[in-house]
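Novice:
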Amino acid sequence: MTLSFLTRSVDDTRRLAAGLAPLARAGDVILLAGELGAGKTAFVQGFARAMGVDEHVTSPTFTLMHTYSGRLQLLHVDVYRLDHLQEIIDLGLAELVDADAVALIEWGDMAEPVLPADFLEVRIEYGKDDDERAFSLRPVGSAWGARARAVHEALAAWARP
């Protein structure tokens, strides 16, 4: 099952992510996929703000990971600079994803083979207009699968026709 949503601005993307955040639980993994500049970091910014993170959220492209404290601990990971699956394994990403935090992983489709079987894939594509983005959310496994209806309801304002 894939859920489809549409945002019309960067702020709209942040609001969509903020709508998803209350459904997050400790141990959740959210994989973010999309082209460069599609809005992965903007999504994390909105999600983090809704989780009670007061710090300025930036992409961890060069540091690989930022940790934030909010309602739950938030791990913001960016594996863009890693070229091979072995580098992701060496980073210890599978071990970093733990029961006490929510992990949001930019370029997460590259890391999928080493992560738990339960995750939410958020794919972001450019829309018709410059600021428009099409979102496809795909629950994988039982944890997010059980929340698919709640996700759809929480994000109904952005549902694609």
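Residue numbers for the sequence shown follow the working numbering, so the first one is 1494 and each next one is one higher.
All C-beta atoms, glycine included, are put in the ideal place defined by N, C-alpha and C.
Determine the contact status of Glu1548 and Asp1571, defining contact as a CB-CB distance below 7 Å.
Specialist: Against the sequence shown, residue 1548 aligns to sequence position 55. Against the sequence shown, residue 1571 aligns to sequence position 78. Result no, Cβ atoms of Glu1548 and Asp1571 do not sit closer than 7 Å.
Novice: Are the stretch 1550-1560 and the stretch 1626-1633 touching, with three or more C-beta to C-beta distances below 8 Å?
Specialist: For the pair of segments examined, the stretch 1550-1560 was found not to touch the stretch 1626-1633: the number of CB pairs separated by less than 8 Å stays below three.
Novice: Roughly how far, in whole angstroms, is the beta-carbon of Ile1523 from the beta-carbon of Leu1613, given that I think they are within contact range, below 8 Å?
Specialist: As a first step, residue 1523 is located in the sequence shown; it is residue number 30 there, counting from the start. As a first step, residue 1613 is located in the sequence shown; it is residue number 120 there, counting from the start. Indeed, because the Cβ distance is near 5 Å, the residues count as touching under 8 Å.
Novice: Please determine, among His1645, Pro1654, Lys1621, Arg1653, the residue with the shortest C-alpha to C-alpha distance to Pro1515.
Specialist: Translated into positions along the sequence shown, residue 1515 becomes position 22. Comparing Cα positions, the closest option is His1645.
Novice: For Ala1592, which of Pro1632, Thr1556, Thr1534, Ala1636 has the nearest alpha-carbon?
Specialist: Counted from its first residue, the sequence shown places residue 1592 at position 99. Nearest option by C-alpha distance: Ala1636.
Novice: Using three-state DSSP, classify Arg1616 as helix, strand or coil.
Specialist: Here the question's residue 1616 lines up with position 123 in the sequence shown. Reduced to three states, the DSSP call for Arg1616 is strand.
Novice: If I follow the unbroken alpha helix (DSSP H) through Val1509, where does it start and stop?
Specialist: Taking the first residue of the sequence shown as position 1, residue 1509 is located at position 16. The question names Val, yet the displayed sequence has Leu at residue 1509. Here the alpha helix (DSSP H) through Leu1509 covers 1503-1513.
Novice: Could you tell me the boundaries of the alpha helix (DSSP H) in which Thr1534 lies?
Specialist: Sequence index remark: in the sequence shown, residue 1534 carries index 41 (1-based). Unbroken alpha helix (DSSP H) run through Thr1534: 1533-1543.
Novice: State the Cα-Cα distance for the pair Ala1543 and Asp1602, rounded to the nearest angstrom.
Specialist: To locate residue 1543, count along the sequence shown from 1; it is residue 50. To locate residue 1602, count along the sequence shown from 1; it is residue 109. When rounded, the distance between both Cα atoms is 24 Å.
Novice: What does DSSP give as the partner residues of Pro1632 in its beta bridges?
Specialist: Position 139 of the sequence shown holds residue 1632. Pro1632 pairs with Leu1613.
Novice: Could you tell me which residues DSSP puts in a beta bridge with Ala1526?
Specialist: For the purposes of this step, residue 1526 is taken as the residue at position 33 of the sequence shown. Beta-bridge partners of Ala1526 (DSSP): Arg1616.
Novice: Cα separation between Leu1630 and Phe1555?
Specialist: Here residue 1630 is taken as the residue at index 137 of the sequence shown, counted from 1. Here residue 1555 is taken as the residue at index 62 of the sequence shown, counted from 1. Near 27 Å, if we compare the C-alpha coordinates of Phe1555 and Leu1630.
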